[in-house]
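Okay, structure first, notes after.
In our numbering, the protein residues as written are 1398 to 1826.
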């Protein structure tokens, strides 16, 4: 059923009525520095917040063996988080609507040099329309919106007439294994919704991502005998040229991939970290290159990884030093396929109506060349997976921030979507 105009107006007003509390809760989330492996406090806050609202609660760890055996499982490393996954469950009195997963991730990327930030990176400070802080946009504003969109219905005496799972996961920024574990745990629904910072648009297509490390070994010598040694850092610069060739070749293939053909540079190979050597006066004996590369939907991580290894090994065979000291490629994080959201689903139509009612403009869709957890629901739960959220600036950068007026608009759209998708019933006393 579509919502009548009176109910739409009440829901939009209810979001506005609760928005000061939503801002304060978002600040509480941002002020917890939930870096990889340190998400326990923020997950505790989410757990308590959902429990206080009367939701049935579940909290569980990742099953490493099950994830490793799954085709969508990413690689574990020594840095993989042990923080739990939290799920709050709304169950209606009578299941008459369509069920829904509302997911967010609470892990954030490192904040970088603090002296580059205008304010401390976990301040949650509000300046005008913008809330600042690492994770404010990506994606703690969305995590709060999941909860407060449901609150907006409760405030006017309504609740979803279908099961809703509010899922808070970790490892989105490094493996995607948290979202996959919810699937392995048995959670599924008629649709999934993730309010990542997507500029008030719906993600139509999304790349897969692989993380890998190239490990190089040199021959250490005192610098006075440098000619008799072999510099592992110099060798790394030669290998990075091969990585750029892979990136160029994969971008040249964009015309064969719908939704990517008009993007200037859809495949990004990021040399994210280089470490090597032990002493300025010693020829370095080691160097590690940490990389992230994207891949088109429909290409498996296994296939892309095999090409990366082959091309690095082929180059090494032609290099006088590396032929005798071959590099090692280790896959140590993301190992995930991309997806395309098929057009024409009823879930998308409902979101389109909700978006237009809340924002006054037609819903647009686009391709984003980054990883999103929606791939789990699209590829493995095989349900409509909607990624749609607020405007932000500088995610993963300095002075990350999210637009509060945009958060209010997309929270209203989310509440309208929930009301139509799930249906509503009087709030249980």
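Where a beta carbon is used, it is the ideal one built from N, C-alpha and C, also for glycine. Being a predicted model, the structure only gives us computed values, none of them experimental.
Looking only at its own chain, which residues have a Cβ that is under 8 Å from the Cβ of residue i, when we skip the five neighbours before and after it?
i: residue 1427; result: 1519, 1520, 1521, 1528, 1530, 1531, 1532, 1533, 1537
i: residue 1553; result: 1407, 1408, 1411
i: residue 1399; result: 1750, 1817
i: residue 1682; result: 1614, 1615, 1616, 1617, 1629, 1674, 1675
Thinking residue i and residue j are a contact (beta carbons under 8 Å), I'd like their distance in whole angstroms, please.
i: residue 1496; j: residue 1560; result: 4 Å
i: residue 1429; j: residue 1439; result: 4 Å
i: residue 1566; j: residue 1626; result: Between residue 1626 and residue 1566 the Cβ distance is about 47 Å, and since that is not below 8 Å, they are no contact.
i: residue 1772; j: residue 1740; result: Wrong, their Cβ atoms sit about 17 Å apart, outside the cutoff.
i: residue 1841; j: residue 1573; result: Given that the chain is displayed from residue 1398 to residue 1826, the structure contains no residue 1841 and the question cannot be resolved.
i: residue 1691; j: residue 1605; result: 7 Å
i: residue 1786; j: residue 1594; result: 5 Å
i: residue 1433; j: residue 1571; result: 6 Å
i: residue 1775; j: residue 1736; result: 4 Å
i: residue 1415; j: residue 1548; result: 6 Å
i: residue 1888; j: residue 1783; result: Any property of residue 1888 remains undetermined from this structure, which presents the chain solely from 1398 to 1826.
With residue i as the anchor, note down where its alpha helix (DSSP H) starts and where it stops.
i: residue 1497; result: Unbroken run through residue 1497 is the beta strand (DSSP E), 1497-1502; no alpha helix (DSSP H).
i: residue 1822; result: Where residue 1822 is concerned, there is no enclosing alpha helix (DSSP H), although the beta strand (DSSP E) it sits in stretches over 1821-1823.
i: residue 1774; result: Run containing residue 1774: none; DSSP gives neither H nor E here.
i: residue 1410; result: 1402-1414
i: residue 1647; result: 1629-1649
i: residue 1539; result: 1538-1552
i: residue 1438; result: 1437-1449
i: residue 1756; result: 1743-1756
i: residue 1710; result: 1698-1715
i: residue 1464; result: 1461-1466
List the residues that DSSP assigns as beta-bridge partners of residue i.
i: residue 1485; result: 1454, 1563
i: residue 1572; result: According to DSSP, which records beta bridges pairwise, residue 1572 is partnered with nothing at all.
i: residue 1784; result: 1591
i: residue 1679; result: 1619
i: residue 1609; result: 1688, 1728
i: residue 1507; result: Looking at the DSSP assignment, residue 1507 forms no beta bridge with any residue, so it has no partner.
i: residue 1432; result: 1505
i: residue 1790; result: 1798
i: residue 1614; result: 1683
i: residue 1733; result: 1606
i: residue 1523; result: 1528
Within the same chain, show all residues whose beta-carbon is closer than 6 Å to that of residue i, passing over the 5 residues directly before and after it, in chain order.
i: residue 1585; result: 1778
i: residue 1499; result: 1543, 1563, 1590
i: residue 1419; result: 1541, 1545
i: residue 1722; result: 1614
i: residue 1526; result: 1800, 1801, 1802
i: residue 1742; result: 1781
i: residue 1424; result: 1521
i: residue 1797; result: 1531, 1533, 1534, 1791
i: residue 1821; result: 1555, 1558
Can you give me the start and stop residues for the beta strand (DSSP E) that residue i sits inside?
i: residue 1673; result: 1666-1673
i: residue 1762; result: 1762-1765
i: residue 1691; result: 1683-1692
i: residue 1529; result: 1527-1529
i: residue 1800; result: 1798-1800
i: residue 1602; result: 1599-1603
i: residue 1555; result: 1555-1557
Shorter than 8 Å from the beta carbon of residue i to some beta carbon of chain D?
i: residue 1744; result: Annotation note: the requested chain D is absent from the structure, which comprises a single protein chain.
Take residue i and list the residues in its own chain whose beta-carbon comes closer than 7 Å to its own, dropping the five residues that flank it on each side.
i: residue 1729; result: 1472, 1474, 1608, 1609, 1610
i: residue 1457; result: 1481, 1482, 1582
i: residue 1509; result: 1795
i: residue 1460; result: 1578, 1581
i: residue 1760; result: 1599, 1748, 1749, 1752, 1753
i: residue 1516; result: 1522, 1529
i: residue 1701; result: 1607, 1692
i: residue 1507; result: 1432
i: residue 1551; result: 1824
i: residue 1450; result: none
i: residue 1724; result: 1611, 1612, 1613, 1636, 1709, 1713
i: residue 1726; result: 1609, 1611, 1705, 1706, 1709
| task | Mind the definition here: the segment 1405-1413 touches the segment 1812-1820 only if three or more C-beta pairs lie below 8 Å; say whether that holds. | result | Flag = yes, the segment 1405-1413 and the segment 1812-1820 touch.
| task | Answer yes if the segment 1630-1646 comes into contact with the segment 1708-1721, meaning at least three C-beta pairs across the two stretches below 8 Å, and no otherwise. | result | The segment 1708-1721 vs the segment 1630-1646: in contact.
| request: Decide if the segment 1590-1602 is in contact with the segment 1665-1676; the criterion is three or more beta carbon pairs, one per stretch, under 8 Å apart. | output: The segment 1590-1602 vs the segment 1665-1676: no contact.
| message | Taking contact to mean 3 or more Cβ pairs, one atom from each stretch, closer than 8 Å, check whether the segment 1659-1669 and the segment 1757-1770 are in contact. | response | With a cut-off of 8 Å on Cβ pairs, the segment 1659-1669 is in contact with the segment 1757-1770, counting three or more such pairs.
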